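Colleague: Pasting a structure here, questions to come.
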Amino acid sequence: MIPSASANDFRLISSHTGKILCGIALLFAIPIVTALFCGEWSPIPDFIIGFNACLMSGILFLALGRGSRGQLRWIHSMAIAAFSWFLATILCAIPHCLSGHFASYLDCMFDVMSGFTTTGLILILDLDHVSHALNMWRHLLTYVGGQGMIVLVLGFIMRGTAGAYMMYVGEGKDERLLPNVIHTSRAIWMISIIYLVLGTAALWIVLAREGMAFPRTFLHALWLFMGAWSTGGFAPQSQGMLYYHSYPVELATLVIMLLGSFNFILHYAVWSGNAKEMFRNIEIRSFTVTASLTFVVLVIALIISGAYASPLTLFRRASYLLISGHTTTGYMQVYANQLVMDWGELATIALTLAMVFGASACSTGGGIKGLRVGILAKGLYHEIKRISSSEDACFVTTFHHIRDIILTEQHVKMAGLIALCYLAVHFAGAVLGSLCGYPFVSALFESVSACSNTGLSCGITASGMPVALKIYYIFAMWAGRLEFISLFGLAAFAISVFKGR
Amino acid sequence: MRLLILIVGVHPLMPLNAEDLIPIADLVNKGRRYDQQKVSIEGEAVGDIMVRGNGSWVNVLGPDGAVIGVFCPGDLAGQVRRLGDYFHRGDMIRVSGTMYRFSPLFGGETCIVADGISVLNAGTTIAHPLAPLRIMVSIATAIGSITSVLLYRRVIRREER
Chain G
194 MIPSASANDF RLISSHTGKI LCGIALLFAI PIVTALFCGE WSPIPDFIIG FNACLMSGIL
254 FLALGRGSRG QLRWIHSMAI AAFSWFLATI LCAIPHCLSG HFASYLDCMF DVMSGFTTTG
314 LILILDLDHV SHALNMWRHL LTYVGGQGMI VLVLGFIMRG TAGAYMMYVG EGKDERLLPN
374 VIHTSRAIWM ISIIYLVLGT AALWIVLARE GMAFPRTFLH ALWLFMGAWS TGGFAPQSQG
434 MLYYHSYPVE LATLVIMLLG SFNFILHYAV WSGNAKEMFR NIEIRSFTVT ASLTFVVLVI
494 ALIISGAYAS PLTLFRRASY LLISGHTTTG YMQVYANQLV MDWGELATIA LTLAMVFGAS
554 ACSTGGGIKG LRVGILAKGL YHEIKRISSS EDACFVTTFH HIRDIILTEQ HVKMAGLIAL
614 CYLAVHFAGA VLGSLCGYPF VSALFESVSA CSNTGLSCGI TASGMPVALK IYYIFAMWAG
674 RLEFISLFGL AAFAISVFKG R
Chain B
-8 MRLLILIVGV HPLMPLNAED LIPIADLVNK GRRYDQQKVS IEGEAVGDIM VRGNGSWVNV
52 LGPDGAVIGV FCPGDLAGQV RRLGDYFHRG DMIRVSGTMY RFSPLFGGET CIVADGISVL
112 NAGTTIAHPL APLRIMVSIA TAIGSITSVL LYRRVIRREE R
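As you go down the protein sequences, you meet chains G and B in turn. Residues are numbered in my numbering as their position in the first sequence, beginning at 1, plus a constant of 193. Going by my numbering, the residue at position 12 of the second sequence is 3; the numbering climbs one at a time, nothing skipped.
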C-alpha cells in the first residue's frame, strides 16, 4: 500500500535534489580550468552557462524544499537518486549542445547519460576535432558516474545528513566499507583518486614510449584511465582503442579495467592487508568462472570465423574484448561492424553473455554483477542438494564475501528479482531494436550493452538511429546503473502523488 | 548487356584498380572485399603521428567520418606536417598501400600499410571566435546565479531568526 504524498515529501526530495545539483555544478570548474590551460577560449562560455544553469536549478530546488521536516524514508531516497540522476543528465548536456558536435539535444543527453552511467555508447560527431575541455568534461562525467554522484556529494558536500545510507543505496551501492556511510563515500573516493594518480602516471609513461607528445600524452593518459577505471569506455578519439595501435596500451587499460570492476570493499580489504580475500571472494570466483566459459565460446567462434591466422593474435583480440565486455567497460580494438560481420554471431552471443554477467557489486561496473550470479549459482546448488538429500536432512550453504555468510532465501530472492529485471529490459530492447529493422542478435547485443552499462557496439548506436531506440537506451542505461530499485521508488512516489490528488 | 556489365562491374571478386579511391567506411565495413589488396584512400590526417620501430602510424579520417590507421614504413609519414585536432584541419592526404582486414604484422589490426603518401592540401587553422551572444548569456546567467544564491541565503537567515 503506497500512502499519498504530502507537501513535506516534496520538500524533502526537493531539498536533497537541490544539494546534489549544487554539488554537480562545482564539477564544471574542471573543464573551465582545462580550457584555460589549453588556450581554448571559445568553449569557456559553454561551461559557464552550464555551471550557472546547474547552480540556479540547485538553488531553486533548495528553495522549494525549505522547511522540510522529518527524516528521509526509503521512497524519498530512491526518488532523490533517480530524479537527481535524470536532472543532472539534462543540465550537464548544456556544454555538449553548445559545442556543436551533436545532432540534437536528445543526442547530448544520450552521451551524458552514457557517461554518468559508465556505459560508453556515443553519438558525438567529429570527435577527432573536439576541444580538450569537452573531452575532459565527457571523461569527468564518466569518472564521477563510476563512483556515483551521490557518493561524491555525500563524501564532500553534505555533512551529517540523516538518511545518507538510503540515498547511497539508491545509487546502486548497497555495501559499506566502513560503519559510517559518509566515511564509506570518502574511502571510495580516496581509493579512486589514488588509482587515478598511479594509473595516469603508468599510462603517461606507456603513451610517451609509444610516440605521443606532451601535453596530449598526459591528457590521453588521464582520460584513458578515467574511461577504463570507471568501466565507462569513453576515449578521446573516434577510433577508441584502435587509435593507439599499441599492445602496451591495451595491456595497461586491461589491468585498469579489471581493477575498476572489483568491488570497492574488496579493494579496501586487500589494502587493509587481507590479500587472501582476492582468492576467496565469491565475486572473483564467479567472475573467473563466467569469464572462462564465455572466453572458450568466443575462442571457438573466432576459430570458426577464421578471422585470425595466428593463435597469439586470436588470444590477444579475444581476451581484450571479452574482459572489456565482462567488466562492462566497452573499449574495442575491432571496428563495431566487424563484430557481427567478421567475428560472427556466435562471438556476438558470447560477448552478450559476458556483458549480461557484468562486473562486481559496489564497483564502477554494471550488469547483473558477480555477487548476484554467485548467489544464484549457490542457490541452485543448494536446491539440487536439498532435492537429492533425505527429507529430514538439514544443511546450510554459505558463500564468502569478506566474511562467511549463510545463504538465505532472501539473498536468492533479491538476486533473482534484480537479475529478472535486467533480463526483461535486455529482451524488451532487443524486441524494439528488431522492430526498428535490426537483426535480432545485433539488437540484443546493443540492448544488453546499454542496460548493462557496457558500451560495446555492433554498429547500431549512431546519430542516425531511430529516436525511439535512443530514448529506450537512455532509459535502459539509467535503470541499469541504478539497479532498478530507485526507478521503482520514483514510480512509487509518482503514484503516491496521483493518489493524493 | 548493360545489366551484365553492371553486375560484373560491381562483383566483389573483381580485382581492384589501385588508382580508384575507396571510401574508408567501405574498407572497414566490407573488409573481406579489400583484404590484402592494393587500395587508395583520401582523408585528413588526425591526432598524432606515433613513431614505432621502422615506421610510424598515422590515422586518416575520411569524409564519411570513418577513420583507419595507416602504417607508414620509413619516413613516409614525414610529409604530413599538420594533424587534425580542435585547432587544426589536418593535411588532406592520399594514401596508397595494402589493406589488411586483420593484419598478421600488427596483432590482427585492420589497417593499411602504405606504399606512398602525397599531401593534397596542406592543413589549416580552425578559427574558434568567441560568440558575443554566448558571452552575454554566460554573464546574464552568472548574474542570475549570484542573485539566486544571495536571495536564498537571505531567506534562510530570515527564517532562522
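Think of the CB as a built atom: it goes at the ideal place given N, C-alpha and C, for glycine as much as any other residue. Quick caveat: nothing in here was measured; it's all calculated off a predicted structure.
1. Taking C-alpha atoms, which residue in G/ASN328, G/ASN456, G/ILE273 and G/ASP597 lies nearest to G/ILE225?
2. Whose CA, out of G/SER503, G/ILE242, G/MET360 and G/ILE458, lies closest to the CA of B/SER136?
3. Let me confirm a value: G/GLY580 is counted as buried when at least 16 other C-beta atoms fall within 10 Å, else exposed. Which label applies?
4. Contact criterion: CB-CB distance below 8 Å. Does G/PRO238 meet it with respect to chain B?
5. First and last residue of the alpha helix (DSSP H) that includes G/LEU417?
6. Taking all protein chains shown into account, decide if G/GLY258 is buried (16 or more other Cβ within 10 angstroms of its Cβ) or exposed.
7. Are there three or more Cβ pairs, one per stretch, closer than 8 Å when the region 107 to 114 of chain B is compared with the region 205 to 224 of chain G?
8. So with Cβ pairs under 8 Å, would you call B/ASP11 a contact of chain G?
9. In whole angstroms, give me the CA-to-CA distance for B/THR132 and G/ALA246.
10. Helix, strand or coil, according to DSSP, for G/LEU280 in the structure here?
11. Is the beta carbon of G/TRP422 sitting closer than 8 Å to the one on G/SER385?
12. Are the beta-carbon atoms belonging to B/GLY22 and B/ARG92 less than 8 Å from one another?
13. Mind checking B/HIS119: buried by the 16 CB within 10 Å criterion, or exposed?
14. Closest Cβ-Cβ distance between B/GLU153 and chain G: below 8 Å?
15. Alpha carbon to alpha carbon, how far is G/TYR513 from B/ASP17?
16. Using DSSP's beta-bridge definition, name the partner residues of G/ASP597.
17. At a CB distance below 8 Å, what residues from the region 115 to 127 of chain B approach chain C? Give them in sequence order.
18. Any Cβ of chain B within less than 8 Å of the Cβ of G/ARG510?
19. State buried or exposed for G/PHE691, treating a residue as buried only when at least 16 other CB atoms are found within 10 Å of its CB.
20. Applying a beta-carbon distance threshold of less than 8 Å, which residues of chain G neighbour B/ASP39?
21. Among G/ILE317, G/THR311 and G/ASN456, which one has its Cα closest to the Cα of G/GLY657?
22. Just the Cα atoms here: how many angstroms apart are G/LEU613 and G/THR654?
23. Does the separation of the CB atoms of G/LYS212 and G/MET351 fall below 8 Å?
24. For the region 122 to 129 of chain B against the region 78 to 88 of chain B, are there 3 or more C-beta pairs whose distance is under 8 Å?
25. Which residues share a DSSP beta bridge with B/PRO64?
26. Apart from the five residues just before and just after G/SER207, which ones in its own chain have a Cβ nearer than 7 Å to its Cβ?
27. From the DSSP output, in three-state form, read off G/ALA401 for me.
28. Please list, in chain order, all residues of the same chain as G/GLY563 whose beta carbon is under 6 Å from its beta carbon, the five residues on each side excluded.
29. Using the rule of at least 16 other Cβ atoms within 10 Å of the residue's Cβ for burial, across every protein chain shown, is B/GLU35 buried or exposed?
30. State whether the region 578 to 594 of chain G contacts the region 629 to 637 of chain G, with contact taken as three or more CB pairs (one from each stretch) at a distance under 8 Å.
31. In chain G, what lies closer than 8 Å to B/ALA133 by C-beta?
32. To which residues of the same chain is G/GLU636 closer than 6 Å at the C-beta, ignoring the five residues directly before and after it?
33. Determine the direct distance from the alpha carbon of G/ALA395 to that of G/SER465, and round the result to whole angstroms.
34. To the nearest angstrom, report how far apart B/ILE15 and G/THR483 are at their CA atoms.
35. Would you check if the distance between the CB atom of G/LEU370 and the CB atom of G/ILE381 is smaller than 8 Å?
36. Under 8 Å: do the region 56 to 65 of chain B and the region 297 to 309 of chain G share three or more Cβ pairs, one atom per stretch?
Modeller: Reading off the structure:
1. Numbered from its first residue, the first sequence carries residue 225 of chain G at position 32. With distances taken between Cα atoms, G/ILE225 lies closest to G/ASN328.
2. Here residue 136 of chain B refers to the residue found at position 145 of the second sequence. Nearest of G/SER503, G/ILE242, G/MET360 and G/ILE458 to B/SER136, Cα basis: G/ILE242.
3. As a first step, residue 580 of chain G must be located in the first sequence, where it is residue number 387. The question names Gly, but residue 580 of chain G in the sequence shown is Ile. Answer is exposed; the Cβ neighbour count stays below 16.
4. If you number the first sequence from 1, residue 238 of chain G lands on position 45. For G/PRO238, the answer is yes, since a Cβ of chain B falls inside 8 Å of its Cβ.
5. Within the first sequence, numbered from 1, the residue matching residue 417 of chain G stands at position 224. Looking at the DSSP string, the run of the alpha helix (DSSP H) that includes G/LEU417 is 409 to 422.
6. Locating residue 258 of chain G in the first sequence gives position 65, where the first residue counts as 1. So G/GLY258 counts as buried.
7. no
8. By 1-based counting over the second sequence, the position of residue 11 of chain B is 20. Interface criterion not met: the Cβ of B/ASP11 is under 8 Å from no Cβ in chain G.
9. For the purposes of this step, residue 132 of chain B is identified with residue 141 of the second sequence, where counting begins at 1. For the purposes of this step, residue 246 of chain G is identified with residue 53 of the first sequence, where counting begins at 1. When rounded, the distance between both Cα atoms is 7 Å.
10. Residue numbering aside, residue 280 of chain G sits at position 87 when the first sequence is read from its first letter. Helix, per DSSP.
11. Stepping through the first sequence from its first residue, residue 422 of chain G is reached at position 229. Stepping through the first sequence from its first residue, residue 385 of chain G is reached at position 192. Going by C-beta atoms, G/TRP422 is nearer than 8 Å to G/SER385.
12. Your numbering for residue 22 of chain B matches position 31 in the second sequence. Your numbering for residue 92 of chain B matches position 101 in the second sequence. Yes, the Cβ-Cβ distance between B/GLY22 and B/ARG92 is below 8 Å.
13. Here residue 119 of chain B refers to the residue found at position 128 of the second sequence. Exposed.
14. This structure cannot settle anything about residue 153 of chain B, because the visible part of chain B is limited to -8 through 152.
15. Position 320 of the first sequence, counted from the start, is the residue given in the question as residue 513 of chain G. Position 26 of the second sequence, counted from the start, is the residue given in the question as residue 17 of chain B. Going from the Cα of G/TYR513 to the Cα of B/ASP17 covers about 25 Å.
16. Within the first sequence, residue 597 of chain G is the residue found at index 404, counting from 1. Its beta-bridge partners are G/HIS593.
17. Absence of chain C from the displayed structure is noted, the protein chains being G and B.
18. If you number the first sequence from 1, residue 510 of chain G lands on position 317. By this cut-off, G/ARG510 is an interface position.
19. Reading the first sequence from its first residue, position 498 is the one you call residue 691 of chain G. Exposed.
20. Counted from its first residue, the second sequence places residue 39 of chain B at position 48. Result: GLY404, MET405, ALA406 and ARG409.
21. Position 464 of the first sequence, counted from the first residue, corresponds to residue 657 of chain G. Of the listed residues, the one whose Cα sits closest to G/GLY657 is G/ILE317.
22. Counted from its first residue, the first sequence places residue 613 of chain G at position 420. Counted from its first residue, the first sequence places residue 654 of chain G at position 461. Cα to Cα, the separation comes out at about 25 Å.
23. Residue 212 of chain G sits at position 19 when you count from the first residue of the first sequence. Residue 351 of chain G sits at position 158 when you count from the first residue of the first sequence. Contact annotation: G/LYS212 and G/MET351 have beta-carbon atoms nearer than 8 Å.
24. no
25. Start at 1 with the first residue of the second sequence, and residue 64 of chain B comes out as number 73. Its beta-bridge partners are B/GLY46.
26. Taking the first residue of the first sequence as 1, we reach residue 207 of chain G at position 14. Here the set comprises PHE254, LEU257 and GLY258.
27. Locating residue 401 of chain G in the first sequence gives position 208, where the first residue counts as 1. DSSP places G/ALA401 in helix when its eight states are reduced to three.
28. Within the first sequence, the letter at position 370 stands for residue 563 of chain G. GLU476, SER479, PHE480 and SER553.
29. In the second sequence, residue 35 of chain B corresponds to position 44, counting from 1. Classification for B/GLU35: buried.
30. Put simply, the region 578 to 594 of chain G does not touch the region 629 to 637 of chain G. Fewer than three CB pairs are less than 8 Å apart.
31. Position 142 of the second sequence, counting from 1, holds the residue named residue 133 of chain B. In chain order: ILE241 and ASN245.
32. Walking along the first sequence from the start, residue 636 of chain G turns up at place 443. A small correction: the amino acid at residue 636 of chain G is Ala; Glu does not occupy that position in the sequence shown. Contacts found: ALA623, GLY626 and SER627.
33. The count along the first sequence starts at 1 and reaches residue 465 of chain G at position 272. The count along the first sequence starts at 1 and reaches residue 395 of chain G at position 202. Spanning the two alpha carbons is a distance of roughly 23 Å.
34. One-based indexing of the second sequence puts residue 15 of chain B at position 24. One-based indexing of the first sequence puts residue 483 of chain G at position 290. Each residue's Cα considered, the two are about 37 Å apart.
35. One-based indexing of the first sequence puts residue 370 of chain G at position 177. One-based indexing of the first sequence puts residue 381 of chain G at position 188. Yes, the Cβ-Cβ distance between G/LEU370 and G/ILE381 is below 8 Å.
36. no
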